[in-house]
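Colleague: Supplied in structure tokens, the structure appears directly below.
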Amino acid sequence: MLQVAFIRENKELVIKRLEKRNINATQMINDVITFDEERRRLQTELDNTLAESNSLSKEIGNLFKSGEAQKANLLKEKTSELKETSKELQDLLSSKSEALNELLYKIPNIPNDLVARGNSELDNEEVFKAGDVPVLHDGALPHWELAKKYDIIDFELGTKITGAGFPVYKGKGAKLQRALITYFLDKNTAAGYTEYQLPHLVNEASGFGTGQLPDKEGQMYHVTEDNLYLIPTAEVPGTNIFRDVVLNESELPIGITGYTPCFRREAGSYGAHVRGLNRLHQFDKVEIIRIEHPSKSYEALDGMVEHVKGILKELKLPYRILRLCGGDTSFASALTYDFEVFSTAQDRWLEISSVSNFETFQANRLKLRFKNSDGKNELAHTLNGSSLALPRVLAGILENYQTENGIKIPEVLQPYTGFKIID
RNA sequence: GGAGAAAUGGCAGAGUGGUCGAAUGCGGCAGUCUUGAAAACUGUUGAGGGUCACACCUCCGGGGGUUCGAAUCCCUCUUUCUCCGCCA
Numbered sequence: 013m014l015q016v017a018f019i020r021e022n023k024e025l026v027i028k029r030l031e032k033r034n035i036n037a038t039q040m041i042n043d044v045i046t047f048d049e050e051r052r053r054l055q056t057e058l059d060n061t062l063a064e065s066n067s068l069s070k071e072i073g074n075l076f077k078s079g080e081a082q083k084a085n086l087l088k089e090k091t092s093e094l095k096e097t098s099k100e101l102q103d104l105l106s107s108k109s110e111a112l113n114e115l116l117y118k119i120p121n122i123p124n125d126l127v128a129r130g131n132s133e134l135d136n137e138e139v140f141k142a143g144d145v146p147v148l149h150d151g152a153l154p155h156w157e158l159a160k161k162y163d164i165i166d167f168e169l170g171t172k173i174t175g176a177g178f179p180v181y182k183g184k185g186a187k188l189q190r191a192l193i194t195y196f197l198d199k200n201t202a203a204g205y206t207e208y209q210l211p212h213l214v215n216e217a218s219g220f221g222t223g224q225l226p227d228k229e230g231q232m233y234h235v236t237e238d239n240l241y242l243i244p245t246a247e248v249p250g251t252n253i254f255r256d257v258v259l260n261e262s263e264l265p266i267g268i269t270g271y272t273p274c275f276r277r278e279a280g281s282y283g284a285h286v287r288g289l290n291r292l293h294q295f296d297k298v299e300i301i302r303i304e305h306p307s308k309s310y311e312a313l314d315g316m317v318e319h320v321k322g323i324l325k326e327l328k329l330p331y332r333i334l335r336l337c338g339g340d341t342s343f344a345s346a347l348t349y350d351f352e353v354f355s356t357a358q359d360r361w362l363e364i365s366s367v368s369n370f371e372t373f374q375a376n377r378l379k380l381r382f383k384n385s386d387g388k389n390e391l392a393h394t395l396n397g398s399s400l401a402l403p404r405v406l407a408g409i410l411e412n413y414q415t416e417n418g419i420k421i422p423e424v425l426q427p428y429t430g431f432k433i434i435d
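In my numbering, the protein residues as written are 13 to 435.
This is the structure we're talking about:
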């Protein structure tokens with residue numbers, strides 16, 4: 013969430029930047045400032061009351077010690093009034109703080125200067141494009157048909173075991189998945205990211221830390237018995253490593269990577285666009301996460317984009333990069349680049365990676381800080397990106413590498429799969 | 001799942017009703033000494049709110065209570081450890 017002090021001091025800027033998301037935040041921002049003023053006024057009032065009652069208590073203690081019990085008892089009577097006042101103020105203060113927080117939870121991050129104003133994916137800007145779209149042979153198939161033809165992914169079996177959106181990978185399909193995961197992790201660790209294996213369920217505090225809670229609760233599977241959530245992305249356990257942490261400046265930057273399955277309820281998204289691997293309830297993803305000094309975070313974002321580009325270049329897949337417009341940029345992000353692979357047989361683009369700078373938006377909730385050169389604690393910047401999401405990469409490979417005799421395996425993956433073709 | 005013990009500053013570890021934001025040790029930082037470093041010595045060293053700066057307020061796992069006053073007493077939750085049970 014945004015910092016109140018920042019909103020207070022940059023009111024116009026905040027409102028103007030939020031317009032990029034097509035949000036008129038004037039009312040909300042004014043409310044934040046009013047609530048904050050009231051909160052601080054109540055806090056001061058409460059502090060004064062408590063100070064008075066503290067000093068009275070001290071006095072009473074001294075009187076008892078010097079044997080002047082009568083005087084002490086007299087003072088005791090005075091304290092009851094103060095107690096009542098402070099209790100009232102306490103209640104007012106906590107309800108005001110709560111109202112302020114609820115409001116703050118609802119305000120998305122302010123987009124970076126580069127972000128265009130816009131409503132939806134139609135307003136996103138293509139900033140890069142690479143790779144040749146192959147000319148497929150007659151009778152080329154979409155990936156779900158290929159999966160069936162070569163018996164490498166069984167969607168019906170997943171439906172039987174669990175439900176729609178939980179595919180079962182078989183034989184060379186399963187091995188290709190494993191090869192991709194290992195290949196991605198190898199690329200990431202070679203680039204300096206430290207590999208982590210993270211929990212696949214997280215508690216409520218972690219959900220709040222990265223911003224899934226309280227608003228996007230419906231997107232996560234909730235294990236009510238233990239009040240735990242299945243992770244929708246490794247970003248959640250990965251970034252929460254740094255919850256309530258004060259780093260030394262010399263420890264920055266930090267880069268971590270991890271493979272996890274991701275679980276998403278995807279409530280309300282059904283239809284033609286969810287066929288095959290296009291949209292699943294469970295999928296695999298390798299994630300990269302960075303903790304950066306605020307002055308270096310955009311440089312780091314560019315570095316992450318270059319890193320993902322390198323992987324796609326090696327895989328020789330046709331892809332493009334979009335800079336998301338305000339309306340399509342996720343709640344917590346200040347600037348997001350999406351990578352999309354071209355699904356030739358479906359003739360459409362599929363999102364395979366999303367690389368974002370959250371600036372201090374997550375760090376403020378996480379209380380992730382570092383000790384700066386002045387010895388003060390300062391919020392760090394958090395970033396993350398997929399490198400990469402498996403199912404759509406797999407879809408891209410199946411469709412773009414299909415031939416009449418089978419599906420070729422990208423050269424760079426062959427050492428990992430141990431085979432060169434699926435036939 | 002059952003029984004017991006515990007939770008204090010970066011770490012270790014005192015503190016059982018007032019002068020405790022908290023002894024002491026280690027670590028960190030700064031200085032003295034040194035050609036430099038180490039050792040030794042001296043000082044300093046939690047966070048948040050608030051203020052121009054002070055003052056002041058809050059925080060000893062979380063929440064609630066008793067009391068004029070709580071790290072200290074009571075209730076409750078969570079976590080950790082030990083023993084038993086179960087188990088990849």
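Glycine residues also receive a C-beta, built at the ideal position from the N, C-alpha and C atoms.
These numbers were taken from a predicted model, which means no experiment stands behind them.
Given a cut-off of 8 Å on the beta-carbon distance, is the pair PHE370 and GLU261 in contact?
Modeller: no
Colleague: Tell me which residues share the same chain as GLU363 and place their Cβ nearer than 8 Å to its Cβ, disregarding the 5 neighbours each side in the sequence.
Modeller: ASP350, PHE351, GLU352, ALA401, ARG404
Colleague: Classify ARG53 as buried or exposed, calling it buried when 16 or more other Cβ atoms lie within 10 Å of its own Cβ.
Modeller: exposed
Colleague: Going by alpha carbons, who is nearest to ARG335 out of TYR413, GLU138, GLU304?
Modeller: Of the candidates TYR413, GLU138, GLU304, the one whose C-alpha sits nearest the C-alpha of ARG335 is GLU138.
Colleague: Buried or exposed for ILE122, please, with buried defined as at least 16 other CB atoms from any protein chain shown within 10 angstroms of its CB.
Modeller: buried
Colleague: Would a C-beta distance cut-off of 8 Å place GLN224 and VAL257 closer than the cut-off?
Modeller: Not in contact: GLN224 and VAL257 (Cβ atoms no closer than 8 Å).
Colleague: What I want to know is whether the C-beta of GLY230 ends up closer than 7 Å to one or more non-hydrogen atoms of the ligand ZN.
Modeller: Among the ligands in the structure shown, none appear at all, so the ligand ZN cannot be discussed.
Colleague: Could you pull the DSSP bridge partners for LEU242 from this structure?
Modeller: In the DSSP secondary-structure assignment, LEU242 is bridged to LEU213.
Colleague: Just to check my reading of the structure: CYS274 and PHE295 have Cβ atoms closer than 8 Å, yes? What is that Cβ distance to the nearest angstrom?
Modeller: CYS274 to PHE295, Cβ: 6 Å. Contact.
Colleague: When the Cα of TYR181 is compared with those of PHE167, ILE193, THR174, GLY175, which residue comes out closest?
Modeller: PHE167
Colleague: Classify GLN414: buried if its beta carbon has 16 or more other beta carbons within 10 angstroms, exposed otherwise.
Modeller: Classification of GLN414: buried, given that the 10 Å Cβ count is 16 or more.
Colleague: Quick one, which of ILE41, TYR208, ASP227, LEU104 has its alpha-carbon nearest ALA8's?
Modeller: Shown here, the chain extends from 13 to 435; a query on residue 8 therefore has no answer.
Colleague: Kindly indicate the opening and closing residues of the beta strand (DSSP E) around ASN389.
Modeller: Element bounds for ASN389: 389-391.
Colleague: Using a Cβ-Cβ cut-off of 7 Å (strictly less than) and excluding sequence neighbours within five positions of PRO422, which residues of its own chain qualify?
Modeller: LEU327, LYS328, ILE409, TYR413
Colleague: Looking at the unbroken alpha helix (DSSP H) that takes in ASP48, where does it start and where does it end?
Modeller: First-last of the alpha helix (DSSP H) with ASP48: 38-77.
Colleague: May I ask you to report which of helix, strand or coil DSSP gives ARG332?
Modeller: ARG332 falls in the strand class under three-state DSSP.
Colleague: Where does THR348 sit, in a helix, a strand or coil, going by DSSP?
Modeller: In the structure shown, THR348 sits in a strand (DSSP, three-state: E or B).
Colleague: For ASP125, which of helix, strand or coil comes out of DSSP?
Modeller: coil
Colleague: Anyone know if the C-beta pair for TYR208 and ILE268 falls short of 8 Å?
Modeller: yes
Colleague: Starting from the Cα of ILE45, find the closest Cα among GLN102, GLU71, LYS108 and give me that residue.
Modeller: LYS108
Colleague: Select from ASN215, HIS155, ASN22 the residue whose C-alpha is nearest the C-alpha of ASP434.
Modeller: Going by the sequence as given, residue 434 is Ile instead of Asp. Of the listed residues, the one whose Cα sits closest to ILE434 is HIS155.
Colleague: Which of the three DSSP states is assigned to GLY230 in this structure?
Modeller: Three-state DSSP puts GLY230 in a helix.
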